[in-house]
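Participant: For reference, the structure I am asking about is given below.
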Amino acid sequence: MGAYDYIPKLYNVRFEAPESGRQSDEYFLADIDGETRRFNIHNYDNLYSVPWLYDISIYHNLGCETPTEMSGAIAPVWRENDADGSGFSMLELGAGSGAFGHELRHTLKMKRLVGLDISAPASQAAERDRPGLYDAYHVADLTALSPELRAELEAEKFDVVGLASATGWGNHIPVGGFEVGFELLRSGGWFIFHVKPNDPDPECVALNDWVNDKIATGALVEKYRKSHFHRKSSGGGDIYYDVVIGVKA
Ligand SMILES: C[S@@+](CC[C@H](N)C(=O)[O-])C[C@H]1O[C@@H](n2cnc3c(N)ncnc32)[C@H](O)[C@@H]1O
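Per our numbering, residue 1019 is the first one in the sequence shown, and the count goes up by one each step.
Shown next, in the form of structure tokens:
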């Protein structure tokens, strides 16, 4: 059984030939309840409002492997460092409908898993499609947390802060959100993410600069960095990201 076979193939999804190379400019048609509808791959509220639609389009149609690639990279790094998810609490940023959360819980055995996403439909999709996956799920813009939520998250003293498939392209988590996520991680905790190198998208450039600065100043100690397959583009190309696993000084 494939790692994503648990995602039900409910709809016939067809991607359109892309008009640009930007990851945010990809569209598909899906037959839902007898109606053919058109979706943008980055219009998350629309996607999450239909059961499993985001997961079907990304994991089945575009063959995304980031959740399993990332969890597969983390497990040996943690073994080498005597770290164990079953004792960890984690804040997952841009948690969406929970595909990475599924691996965090089932492969890495995370003890406590808290999701955060700017999209209310994301929170609803996670509870609808993967009930009980998260211990708590906050709907909030990571770059504009209320003082109350920030205090609540700080009190958790997270052992791990991480994210998958939520960087770059204008509607993902910007560098300001990475900084907040980093602040919410306890000293000695694990920061886990992936970043697209050598892409001219301004947010990718800014994030690469932010990561390089964190490593150069010693704020983040890099334990692992390797290129991993992310997904196919709708034009058929392969998209790779660098998975980065580090410890906060
Ligand atoms: C590609 S989706 C996440 C996929 C998910 N992590 C998975 O494993 O399938 C990116 C997510 O980032 C969220 N997001 C974008 N900007 C955000 C922000 N400023 N604060 C919190 N979440 C944000 C979006 O709502 C979206 O759910």
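For glycine and all other residues, C-beta sits at the position ideal for the given N, C-alpha and C.
Note the first and the last residue of the continuous alpha helix (DSSP H) segment covering I1092.
Facilitator: Reading the sequence shown from its first residue, position 74 is the one you call residue 1092. Residues T1084 to E1098.
Participant: My parser needs the beta strand (DSSP E) runs of 3 or more residues fully inside the stretch 1125-1189; what are they?
Facilitator: Correct list: 1130-1135, 1154-1157 and 1176-1180.
Participant: Can you give the Cα-Cα distance for L1109 and D1147, rounded to whole angstroms?
Facilitator: Stepping through the sequence shown from its first residue, residue 1109 is reached at position 91. Stepping through the sequence shown from its first residue, residue 1147 is reached at position 129. Rounded to the nearest angstrom, the two C-alpha atoms are 20 Å apart.
Participant: Return yes when at least one heavy atom of ligand 1 lies under 7 Å from the C-beta of I1257, else no.
Facilitator: Working through the sequence shown from its first residue, we reach residue 1257 at position 239. I1257 Cβ: outside cutoff for every heavy atom of ligand 1.
Participant: Beta-carbon of P1036 versus every beta-carbon of chain C: anything under 8 Å?
Facilitator: Looking for chain C here will not work: only one protein chain is present.
Participant: Taking the continuous alpha helix (DSSP H) assigned at L1225, which residues delimit it?
Facilitator: Against the sequence shown, residue 1225 aligns to sequence position 207. Element bounds for L1225: P1220 to A1234.
Participant: Per DSSP, which one or two residues make a beta bridge with V1198?
Facilitator: Looking up residue 1198 in the sequence shown gives position 180. Answer is none; V1198 lacks a bridge partner.
Participant: Please name the residue in R1243, V1198 and G1081 whose C-alpha comes closest to that of L1171.
Facilitator: Translated into positions along the sequence shown, residue 1171 becomes position 153. Nearest of R1243, V1198 and G1081 to L1171, Cα basis: V1198.
Participant: Leaving out the 5 sequence neighbours to the left and right, which residues in its chain are closer than 8 Å to T1270 when beta-carbon positions are compared?
Facilitator: With the chain covering 1019 to 1267 only, the question about residue 1270 has no answer from this structure.
Participant: For a quick check, are the C-beta atoms of M1088 and H1212 less than 8 Å apart?
Facilitator: Walking along the sequence shown from the start, residue 1088 turns up at place 70. Walking along the sequence shown from the start, residue 1212 turns up at place 194. A contact, by the Cβ cut-off of 8 Å.
Participant: Among the candidates A1237, H1248, S1205 and L1202, whose CA atom is the shortest distance from the CA of P1215?
Facilitator: As a working mapping, residue 1215 is identified with position 197 in the sequence shown. Taking only the C-alpha atoms, the option nearest P1215 is H1248.
Participant: Report whether the distance from the Cβ of D1102 to the nearest heavy atom of ligand 1 is below 7 Å.
Facilitator: Position 84 of the sequence shown, counted from the first residue, corresponds to residue 1102. It does not: the Cβ of D1102 is nowhere closer than 7 Å to a heavy atom of ligand 1.
Participant: Can you tell me where the alpha helix (DSSP H) with Y1066 in it begins and where it stops?
Facilitator: Here residue 1066 refers to the residue found at position 48 of the sequence shown. First-last of the alpha helix (DSSP H) with Y1066: Y1062 to Y1066.
Participant: Go to N1058, then tell me how far its beta strand (DSSP E) extends in each direction, as first and last residue.
Facilitator: Within the sequence shown, the letter at position 40 stands for residue 1058. From DSSP, the beta strand (DSSP E) with N1058 extends over E1053 to N1058.
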